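The opening position of the sequence shown corresponds to residue 3 in the numbering used here, with each subsequent residue numbered one higher.
C-beta: ideal position from N, C-alpha, C; glycine also.
Note that this is a predicted model, so its numbers are computed, not measured.
For reference, the structure discussed in these notes is given below.
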Amino acid sequence: MNAHLLTVEKLAVLIKYQWDLRRFYKQAPAAEMALMDGLDWNNLAELLQDLKRYHHRLVSADYAAKIHSELLAVCADEETAQTFIGYASTL
């Protein structure tokens, strides 16, 4: 599996540290550091913002399709994509 793809386990770490990379670097144990190595936090944070806009119906149908396409490109599997969508819908 590609180490740069988001998994449910990696999403849980992002949520745990509230998407704060500095906090992560200060507090994360070595196992979490290794798990998250190579993940593009900025890209995922932008995607989260887009998903929030989508859930608040602030994007066009074309942009929603772009968001979905990007989501599928960064997630390791359908379970992760659905979990990410579900998480974003609570924000």
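39 is the residue among 56, 39, 30 and 64 whose C-alpha sits nearest the C-alpha of residue 8.
Close CB contacts of residue 57 within its chain, under the 7 Å cut and outside five residues either way in sequence, are with 90 and 91 (chain order). For the 8 Å CB-CB criterion, residue 54 and residue 93 form a contact. Going by beta carbons, residue 13 and residue 86 fall inside the 8 Å limit. Taking C-beta atoms as the reference points, residue 46 and residue 73 fail to come closer than 8 Å.
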